[in-house]
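Take a look at the structure below.
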Amino acid sequence: RIQRARPVAGGGYLVHFKDLANKADACVRAGRVVVAAGTLNTLRLLFASVAAPDGLTPMPALGRGFSANGDLMGVWRRKSAPVSSFRSIPAQGEFRVAGHESAVYGVGGFPGFQTLPLPSVVKRRLEKLFFIYGMGIDSGNAAVTCDGGKFHVAYDEHAEPVYAEVRAAFRALATETGDRTWAIGKPFTVHQAGGASIGTDASRGVIDHRGEVHGNPGLFVADGAALPAALAAPPSVTIGAWAHHVADGISKRA
């Protein structure tokens, strides 16, 4: 488990990690380091690496521009559905809701839930429940901080109009189909992005157009932390394209 990185004289970095197999601390030296631990873990590693006495060059923009991709999830009770939710695939693709086009929506089932040790009457109700979600563009104005090793995300969903839009779309689906919808009370996301995003200099972003961290040559960010804005879509393809761009740049400069 990687803990932090620190620069060494003559170039390169010492990467400190815990060997989970041997339960021992260790480190390796590398001329270049690519951080791609997932948005939150990447930010955690960068914060830890800056905070150390012998750590990385400070990153003034670290943690700024964080986005939750406007994700909101819910449940749709389709009493008239011709197929059981248990036989449906987890995601059936995206669609639009008329009058609420600023977000995209998707629906899917709960395959495998029929194997749970539940009463048959509960299963009959569950098989008509479908997972629904909306994804829009939030402001990207949230901030991530790390104080004394404690990680904090300051994200105010009430200041993000996208959630009211998605909730209204869920209600429109219920009105049009006659099948009830529920949206969860507090948004959560698996599509975190930003916090170590692109900027022309260290005051505007953590990395440059090649993914290299300002002031820390040879250190690169190649995951969702680099994204400068919400996508209103699953970001995996965009992250893959960005990682390819970073890797291609490194290979050409080798």
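For reference, each letter of the sequence shown is one residue, going 270 to 523 in my numbering. Glycine residues also receive a C-beta, built at the ideal position from the N, C-alpha and C atoms.
Hey, residue i and residue j: beta-carbon distance below 7 angstroms or not?
| i | j | result |
| --- | --- | --- |
| M328 | I453 | no |
| R275 | D323 | yes |
| N485 | L283 | no |
| G405 | A372 | yes |
| D492 | R346 | no |
So, for residue i: in the same chain, excluding its five sequence neighbours on each side, which residues have a beta-carbon less than 6 angstroms away from its beta-carbon?
| i | result |
| --- | --- |
| A498 | G409 |
| R479 | G518 |
| D294 | K287 |
Name the two residues that bound the continuous alpha helix (DSSP H) containing residue i.
| i | result |
| --- | --- |
| Y432 | P430 to T446 |
| L309 | T308 to A320 |
| A516 | S505 to R522 |
| R393 | S389 to L395 |
Assuming residue i is part of the beta strand (DSSP E), what are its boundary residues?
| i | result |
| --- | --- |
| T450 | T450 to A452 |
| L283 | Y282 to D288 |
| Q272 | I271 to P276 |
| A295 | A293 to A299 |
| F537 | Past the edges of the chain, shown from 270 to 523, lies residue 537, and the structure says nothing about it. |
| M342 | L341 to R346 |
| L398 | L398 to M404 |
Apart from the five residues just before and just after residue i, which ones in its own chain have a Cβ nearer than 7 angstroms to its Cβ?
| i | result |
| --- | --- |
| A412 | G332, R333, F335 and A423 |
| G368 | A441 |
| V366 | Y374, A438, A441 and L442 |
Within 10 Å of its beta-carbon, does residue i have 16 or more other beta-carbons around it, so buried, or fewer, so exposed?
| i | result |
| --- | --- |
| I508 | buried |
| D470 | exposed |
| V302 | buried |
| H421 | exposed |
| D407 | buried |
| L315 | buried |
| I476 | buried |
| L387 | exposed |
Going straight from the alpha carbon of residue i to that of residue j, what length do you get?
| i | j | result |
| --- | --- | --- |
| A305 | G468 | 18 angstroms |
| F364 | L395 | 23 angstroms |
| A360 | G377 | 4 angstroms |
| Y432 | S472 | 30 angstroms |
| R270 | N291 | 12 angstroms |
| A437 | S466 | 31 angstroms |
| A441 | Y402 | 14 angstroms |
| C415 | R522 | 33 angstroms |
| G281 | N338 | 34 angstroms |
| L496 | D425 | 20 angstroms |
| G300 | Q461 | 29 angstroms |
| Q383 | P430 | 37 angstroms |
| V459 | S520 | 31 angstroms |
Please confirm if residue i has its CB atom under 7 angstroms from at least one CB of chain C.
| i | result |
| --- | --- |
| H478 | No chain C is part of this structure, which consists of one protein chain only. |
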